[in-house]
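A.B. asks: Can you keep this structure in mind? I'll have questions shortly.
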Amino acid sequence: MSSDPALLLPEIRAPGQAQAGQAADFQRDLGRYWRHVRREGVLPVTQTGWVYKSAFKAALAAMNEPPDAPADESSHGRAFFIRRALRALGTLAYTEPGALDAVGDAAFLGLPLGARIRMLFEVWRDGGMWHELDRIETPHTPYPPESDAPPELGRARATALALLAAGAGGAGRWIGFESYANLVRRIEPGFLLRRKANERQYPGFGNSFYNPLARTPYFGMNNAFGMSFEVRDPEQGWTLVERQMLARMVAGPLRWMGLVTVGWDGDPRAQVGHSDAAGFSALCLTPVGAWLLGLGPEPEFIEGGGRVVTQPNFTILAMDPVSDAILIDLDHFAEPKGGDRAAIYELTRQSVYRGQRAGWSASRIAAFLEARQGAPIPPNVRRSLDEWQQQHDRVVFVRKAQLLQYADEAARSGAVDTLGLARLTPLGPRFDLLASDAPFEDSVDALREAGWMPLVSAAGIDDHADIARLSPDGSIVLKQAVPSLHALAELELVAAPENGSWALSAARVRNAMSRGIQVEQALASLANLADQPLPVGIIDLIRGWSSFYGEGSLRDMAVLTLANAEVLEHALADPEFSKLLQAIPGALHPIALVERRHISALRELLIARGVALTSPRVETKP
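Using this note's numbering, read the sequence shown as starting at 26 and increasing by one per residue.
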């Protein structure tokens with residue numbers, strides 16, 4: 026269609042008022058909305074399918090919406106579109122009825138800007154995430170807000186977009202909206218509601234005695250949407266239904282996503298940014314719109330070059346064109362404070378505490394900020410991060426085990442004073458077991474209120490990643506005052522405590538190998554603990570130690586000879602015998618090995634079981 030000059034609509038003068046769609050701004054609001062939901066935990070939704078008003082107001086504030094914006098989601102088309110889009114993109118999902126949650130790390134928000142713009146456009150164009158027809162002002166059978174539109178609406182959009190591309194001709198050409206609507210009506214009058222050549226062909230024709238609209242596509246039984254419209258004059262149906270749908274499509278998704286600019290003459294207050302109302306008279310494609318409709322090249326999107334500046338007053342400025350991926354990371358450990366072209370954050374003890382629970386240690390936060398601003402952060406900020414780190418990880422809850430770990434006796438005393446001895450069972454100088462009937466979250470909250478800020482371990486696979494710094498000489502410095510039990514278990518495979526710190530130990534490595542642990546497994550565990558790649562010298566050293574058992578061993582053994590294979594089989598199946606005996610695979614005789622230190626125990630056990638020992642009672646062979 027776009028190649029047919031006969032479809033090209035005449036260019037008109039630019040209107041007095043215009044409202045341009047900004048694709049980059051819309052993508053930024055998608056990120057703001059998603060990050061807000063992640064911070065809040067869930068987004069509550071009523072049984073009717075709308076976000077609760079209080080929660081919706083908070084979401085609008087996160088997107089820097091003006092104070093006069095509608096506080097009801099049903100009246101704020103743009104915000105409702107954002108929520109629906111995030112669900113369609115797989116970044117929001119219902120974790121339970123009435124509770125929307127941020128999913129994963131929002132891989133979509135980390136994509137290049139152009140890819141995100143195209144992906145969102147295609148999700149809207151081809152899918153059922155949005156129902157323009159349900160938003161027209163003509164009274165009609167409504168769709169529930171959380172329901173998907175029928176696929177027929179996607180096909181209608183495709184037709185309408187093809188004719189828009191043909192009529193608009195390219196970016197920057199102003200065309201009249203009525204001219205565009207008339208073009209669609211002339212070329213594809215049934216693009217939305219299929220029209221029959223004979224009114225008797227409509228499924229609802231039998232009801233036409235009672236309802237004349239049953240002879241038209243505006244009757245619910247006669248269209249793919251199952252929607253009935255209060256259209257008194259079928260001749261006016263196009264204006265009241267199809268034209269309105271086109272207007273909602275242009276003023277809504279196409280403008281919000283940055284594909285078109287709409288314009289009008291008259292009162293500049295006639296248009297509101299959140300609205301998809303049809304109060305405009307002209308439109309033109311933006312460079313983004315021309316690109317997505319096949320009329321121009323992809324625009325050059327500027328992104329990823331913004332600076333992140335940390336100030337001595339603990340304020341962080343993230344200045345455009347900073348990427349959403351960086352803002353997602355900042356959200357982990359800093360409090361958002363608004364901002365438009367420069368996102369403003371604040372570092373607080375509470376925000377850093379939240380970040381630590383998400384795996385952001387003080388050193389990781391500092392490294393992130395310094396890498397983004399290309400210079401060291403202010404010394405007072407760095408000192409505070411380290412102090413908060415030490416305060417936060419002095420008490421650790423291991424959730425699944427109901428276990429508390431302490432950095433020192435002072436931390437344990439503080440926990441005991443807060444929780445009471447009745448809730449705690451001592452397991453050692455740095456461990457307590459929380460009583461099974463003591464509410465876990467209540468205990469955590471009690472410690473927080475007392476100022477201890479306990480870390481809560483989920484006992485996950487990566488809870489202990491990047492907590493150790495290795496030196497080439499084999500010394501190890503832990504960055505956590507209270508490493509998790511999982512971290513300690515992995516560290517003890519290859520290292521031993523030494524002068525208040527840790528050091529690689531040949532004895533520990535050899536002991537691990539003797540218990541069947543593979544050297545590559547031990548190296549992988551150590552690499553997971555380390556905050557940097559393992560030095561080559563450390564890898565060679567551990568592999569050298571492990572070869573102690575891998576190449577061979579010399580032990581003083583004895584040989585037990587039994588009467589027949591059946592007796593040996595029963596002996597090896599007996600738990601008391603099996604821990605003393607070592608079978609010889611492929612042996613031609615019923616014999617087994619036993620270490621010399623176990624000979625006396627074996628002799629007593631044989632006598633107790635009624636085995637007659639002959640001379641020599643135990644043949645020993647070195």
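Just so you know, even glycine gets a beta-carbon here, dropped at the ideal spot from N, CA and C.
Predicted model only: the values in this text are computed from it and were never measured.
What separation, rounded to the nearest whole angstrom, lies between the Cα atoms of P560 and S500?
C.D. replies: Within the sequence shown, residue 560 is the residue found at index 535, counting from 1. Within the sequence shown, residue 500 is the residue found at index 475, counting from 1. About 12 Å.
A.B. asks: Do V519 and L551 have their beta-carbon atoms positioned less than 8 Å apart in this structure?
C.D. replies: On the sequence shown, position 526 is the one that residue 551 refers to. On the sequence shown, position 494 is the one that residue 519 refers to. Yes, the Cβ-Cβ distance between L551 and V519 is below 8 Å.
A.B. asks: Could you say which of W281, E65 and V347 lies nearest to I107 if we only look at CA atoms?
C.D. replies: Here residue 107 corresponds to residue number 82 of the sequence shown, with the count starting at 1. The residue with the shortest Cα to Cα distance from I107 is W281.
A.B. asks: Among V313, P322, L352 and P324, which one has its Cα closest to the Cα of G331?
C.D. replies: Position 306 of the sequence shown, counting from 1, holds the residue named residue 331. It is L352.
A.B. asks: Output yes or no for whether 8 Å exceeds the beta carbon distance between E267 and L188.
C.D. replies: As a position in the sequence shown, residue 267 is number 242, starting the count at 1. As a position in the sequence shown, residue 188 is number 163, starting the count at 1. Not closer than 8 Å, so no.
A.B. asks: Counting Cβ pairs, one atom from each stretch, are 3 or more of them under 8 Å apart for the stretch 335-345 and the stretch 397-414?
C.D. replies: Segments in contact, yes.
A.B. asks: Less than 7 Å between C-beta atoms, sequence neighbours within five positions excluded: which residues of the same chain meet that for P176?
C.D. replies: Along the sequence shown, one-based indexing puts residue 176 at 151. Cβ within range, chain order: G153.
A.B. asks: Give me the residue from F602, E523 and L554 with the minimum Cα distance to L516.
C.D. replies: Reading the sequence shown from its first residue, position 491 is the one you call residue 516. Closest by alpha carbon: L554.
A.B. asks: Under the rule that 16 or more other beta-carbon atoms within 10 Å means buried, what is E203, buried or exposed?
C.D. replies: Locating residue 203 in the sequence shown gives position 178, where the first residue counts as 1. When all chains shown are included, E203 counts as exposed.
A.B. asks: Whole angstroms are fine: how far does the CA of R57 sit from the CA of L125?
C.D. replies: Along the sequence shown, one-based indexing puts residue 125 at 100. Along the sequence shown, one-based indexing puts residue 57 at 32. Going by the C-alpha atoms only, they are around 15 Å apart.
A.B. asks: Looking at C-beta atoms only, is the number of pairs between the stretch 57-74 and the stretch 237-244 that lie closer than 8 Å three or more?
C.D. replies: With the cut-off at 8 Å, the stretch 57-74 and the stretch 237-244 do not touch.
A.B. asks: Within the same chain, show all residues whose beta-carbon is closer than 8 Å to that of R143, passing over the 5 residues directly before and after it, in chain order.
C.D. replies: Counted from its first residue, the sequence shown places residue 143 at position 118. Excluding sequence neighbours, R143 sits near L317.
A.B. asks: From this set, G380, D356, G314 and D54, which residue's C-alpha is nearest Y370's C-alpha?
C.D. replies: Looking up residue 370 in the sequence shown gives position 345. Comparing Cα-Cα distances from Y370 to each of G380, D356, G314 and D54, the minimum goes to D356.
A.B. asks: Whose C-alpha, out of P91, R622, P137 and L284, is nearest the C-alpha of S348?
C.D. replies: Residue numbering aside, residue 348 sits at position 323 when the sequence shown is read from its first letter. Among P91, R622, P137 and L284, the Cα nearest to that of S348 belongs to P137.
A.B. asks: Can you list the alpha helix (DSSP H) stretches of 4 or more residues lying completely in the stretch 74-145, in chain order?
C.D. replies: Listed in chain order, the complete alpha helix (DSSP H) runs (minimum 4 residues) inside the stretch 74-145 are 78-87 and 102-113.
A.B. asks: Quick one: Cα of H614 to Cα of V584, how far?
C.D. replies: Your numbering for residue 614 matches position 589 in the sequence shown. Your numbering for residue 584 matches position 559 in the sequence shown. Taking the straight line joining both Cα atoms gives about 11 Å.
A.B. asks: What do you get for A236, buried or exposed, if any count of 16 or more other CB atoms within 10 angstroms of its CB means buried?
C.D. replies: Translated into the one-based positions of the sequence shown, residue 236 becomes position 211. This sequence places Asn at residue 236; Ala is not what is there. It is exposed - the Cβ of N236 has fewer than 16 other Cβ atoms within 10 Å.
A.B. asks: Rounded to whole angstroms, what is the Cα-Cα separation between I486 and A383?
C.D. replies: What you label residue 486 is simply residue 461 of the sequence shown in a count that begins at 1. What you label residue 383 is simply residue 358 of the sequence shown in a count that begins at 1. At I486 the pLDDT is 37, less than 50, meaning the model places this residue with poor confidence; the figure from the coordinates comes in the next sentence. Going by the C-alpha atoms only, they are around 13 Å apart.
A.B. asks: Could you tell me which of R408, V619, F216 and N247 sits nearest to A231, measuring between CA atoms?
C.D. replies: Translated into the one-based positions of the sequence shown, residue 231 becomes position 206. In the sequence under discussion, the amino acid at residue 231 is Gly, which differs from the Ala named in the question. For G231, the nearest C-alpha among the options comes from N247.
A.B. asks: Whose C-beta lies closer than 6 Å to the C-beta of P259 among residues of the same chain, with five residues either side of it excluded?
C.D. replies: Walking along the sequence shown from the start, residue 259 turns up at place 234. Excluding positions up to five away in sequence, the list reads T241.
A.B. asks: Identify, in the order they occur along the chain, each residue of the same chain with its Cβ nearer than 6 Å to the Cβ of A39, setting aside the five sequence neighbours on each side.
C.D. replies: Taking the first residue of the sequence shown as 1, we reach residue 39 at position 14. Cβ within range, chain order: W199.
A.B. asks: Among the candidates R473, P600, E323 and Q269, whose CA atom is the shortest distance from the CA of S306?
C.D. replies: On the sequence shown, residue 306 is found 281 positions in, with the first residue counted as 1. Nearest C-alpha to S306: Q269.
A.B. asks: Where do the N-terminal and C-terminal ends of the alpha helix (DSSP H) with I624 fall, by residue?
C.D. replies: Numbered from its first residue, the sequence shown carries residue 624 at position 599. Looking at the DSSP string, the run of the alpha helix (DSSP H) that includes I624 is I624 to A633.
A.B. asks: Rounded to a whole number of angstroms, what is the C-alpha to C-alpha distance between D498 and Q546?
C.D. replies: Reading the sequence shown from its first residue, position 473 is the one you call residue 498. Reading the sequence shown from its first residue, position 521 is the one you call residue 546. Approximately 21 Å, taken between the alpha carbons.
A.B. asks: Looking only at its own chain, which residues have a Cβ that is under 7 Å from the Cβ of E576, when we skip the five neighbours before and after it?
C.D. replies: As a working note, residue 576 is residue 551 in the sequence shown. Caution is warranted here: a pLDDT of 48 is assigned to E576, below 50, making its placement in the model unreliable, and no coordinate value can be reported.
A.B. asks: Would you mind reading off the limits of the beta strand (DSSP E) that contains S526?
C.D. replies: In the sequence shown, counting from the first residue as 1, residue 526 sits at position 501. Segment S526 to L529, the beta strand (DSSP E) holding S526.
A.B. asks: Between which two residues does the beta strand (DSSP E) containing I501 stretch?
C.D. replies: Position 476 of the sequence shown, counted from the start, is the residue given in the question as residue 501. It spans S500 to L503 - the beta strand (DSSP E) in which I501 sits, taken as one unbroken run.
A.B. asks: Is L503 close to chain C? Criterion is C-beta to C-beta, closer than 8 Å.
C.D. replies: In the structure shown, chain C cannot be found, because there is only a single protein chain.
A.B. asks: Could you give the distance in angstroms between the alpha-carbon of A222 and the alpha-carbon of G215?
C.D. replies: Taking the sequence shown and counting its residues from 1, the one referred to as residue 222 is at position 197. Taking the sequence shown and counting its residues from 1, the one referred to as residue 215 is at position 190. C-alpha separation (whole angstroms): 11 Å.
A.B. asks: How would you label S172, buried or exposed, when you count the other beta carbons within 10 angstroms and need 16 or more for buried?
C.D. replies: For the purposes of this step, residue 172 is taken as the residue at position 147 of the sequence shown. Counting Cβ neighbours within 10 Å, S172 comes out exposed, since fewer than 16 surround it.
A.B. asks: Ordered along the chain, which non-local residues of its own chain (more than five positions away) have a Cβ less than 7 Å from that of L9?
C.D. replies: This structure does not reach residue 9, given that the chain is present from 26 up to 647, and the question cannot be answered.
A.B. asks: Quick one: residues in its chain with C-beta nearer than 6 Å to the C-beta of R642, no 5 flanking neighbours on either side, listed in chain order?
C.D. replies: Within the sequence shown, numbered from 1, the residue matching residue 642 stands at position 617. With a pLDDT of 43 at R642, under the threshold of 50, the modelled position of this residue cannot be trusted, and the question is left open.
A.B. asks: Can you list the beta strand (DSSP E) stretches of 3 or more residues lying completely in the stretch 243-274, in chain order?
C.D. replies: The qualifying runs do not exist here; there are none.
A.B. asks: Just grab the DSSP bridge partners of G369 for me.
C.D. replies: As a first step, residue 369 is located in the sequence shown; it is residue number 344 there, counting from the start. Reading off the sequence shown, one finds Ile at residue 369, where the question assumed Gly. Note: I369 sits in a beta bridge opposite L342.
A.B. asks: Looking only at DSSP bridge pairs, what is T450 linked to?
C.D. replies: Counted from its first residue, the sequence shown places residue 450 at position 425. BP columns for T450 point to L458.
A.B. asks: Going by other Cβ atoms of all chains shown within 10 Å of its Cβ, with 16 needed for buried, is D290 buried or exposed?
C.D. replies: Stepping through the sequence shown from its first residue, residue 290 is reached at position 265. Exposed is the call here.
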